[in-house]
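Going by my numbering, the sequence shown opens with residue 1, and the numbers climb by one from there.
Here's the structure, in structure tokens; my notes come after.
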Amino acid sequence: MKRIIISLFLLLSVILPSGCSTENQRENNKSSTATQTTSATSQSTSTVPTTTEKNGELSGFKVLIDAGHGCTEEYVEPKYPGATETTVENSSTGATGVATHKREGELTLQVALLLQKSLEKLGADVHMVRTTEGTPMSLRDRAEMGNKLKVDLAFRIHADGIEDSSVRGASLLYPAPDYVGEKLSKTSKKASEIILKNYIKATEFNDRGTVARNDLVGFNFSKVPTVLIELGFMTNPDEDRLMFQKAFQKKMVEGIAKGIIEYKKSK
1 MKRIIISLFL LLSVILPSGC STENQRENNK SSTATQTTSA TSQSTSTVPT
51 TTEKNGELSG FKVLIDAGHG CTEEYVEPKY PGATETTVEN SSTGATGVAT
101 HKREGELTLQ VALLLQKSLE KLGADVHMVR TTEGTPMSLR DRAEMGNKLK
151 VDLAFRIHAD GIEDSSVRGA SLLYPAPDYV GEKLSKTSKK ASEIILKNYI
201 KATEFNDRGT VARNDLVGFN FSKVPTVLIE LGFMTNPDED RLMFQKAFQK
251 KMVEGIAKGI IEYKKSK
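Structure (structure tokens):
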């Protein structure tokens, strides 16, 4: 009997360690598999890009937006390189709304800020002459800012004014070839025609056409394509009121943005 008990004891001592070892091995195998899975997951996650490139319709297009007027100082500058004829710009220049009694510099800034947001959403690289009420930059400074940045388009924003309050409509100005050369004038003219067409479609304002000018400092010192929009007449009470309405400003900006997109595609 004693021998039987001893034999059973010896048999169990051999079997039990073998069983624990198998379970430990299984647990180790599970742990190893889990570690490999976690490692693979981490590796896969780390390859996911955290940023995305701009892919809007104006991606790669550089724009300078110049909200007209808003000068904090008075400047007397030559109208063109080497000129003795001068232009004066100060805080009092610009039109005043006959209905709103607001200044042109206020309107141009409102539209400029809306346009900045719109163009940036489309992927454009946007630079601003001013984002606040005033700027110490002169007209020549503004032109040279666009030159230094080598923008694809310098877009200047203004509004019209005249003694006859019945006159209404929008126009686009571009530099005559006198001081900027035929090539730059021709490119700017093309941009002005395309943008004006889209602006008129969006606002339903009268189309006053595109006009070449050789007497504007912002044009004559430019070395990049540049245009100036006359949004409408602040001396016309209906247009004056409309241009200060937020909903209508969105239409104005929509037309300008579509025009810039079309101009980029035409290049």
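Positions of the beta carbon are idealized from the N, C-alpha and C atoms, including for glycine.
Fair warning: this is a prediction, and the values are worked out from it, not measured in the lab.
Nearest to asparagine 206 by C-alpha distance, out of Thr226, Glu104, Ala170 and Asn214, is Ala170. For the pair arginine 156 and glycine 218, the CB atoms are nearer than the 8 Å cut-off. Rounded to the nearest whole angstrom, the CA to CA distance from glycine 259 to proline 136 is 30 Å. Threonine 86: member of the beta strand (DSSP E) spanning 86-89, first to last residue. At the C-beta level, glycine 70 and arginine 142 stay beyond 8 Å of one another. In this structure, the beta-carbon distance from alanine 124 to valine 63 falls below 8 Å.
In the three-state reduction of the DSSP assignment, glutamate 120 falls in the helix class. Cβ contact annotation for lysine 186 (same chain, cutoff 6 Å, sequence separation greater than five): none. Here leucine 122 has Gly56, Glu57 and Leu58 as same chain residues with Cβ atoms under 6 Å from its own Cβ, once five neighbours each way along the sequence are excluded. Assigned with DSSP and collapsed to three states, isoleucine 162 falls in coil, not helix or strand.
When the beta-carbon positions are compared, proline 78 and glutamate 85 come within less than 8 Å of each other.
Per DSSP, the beta-bridge partners of proline 78 are Thr86.
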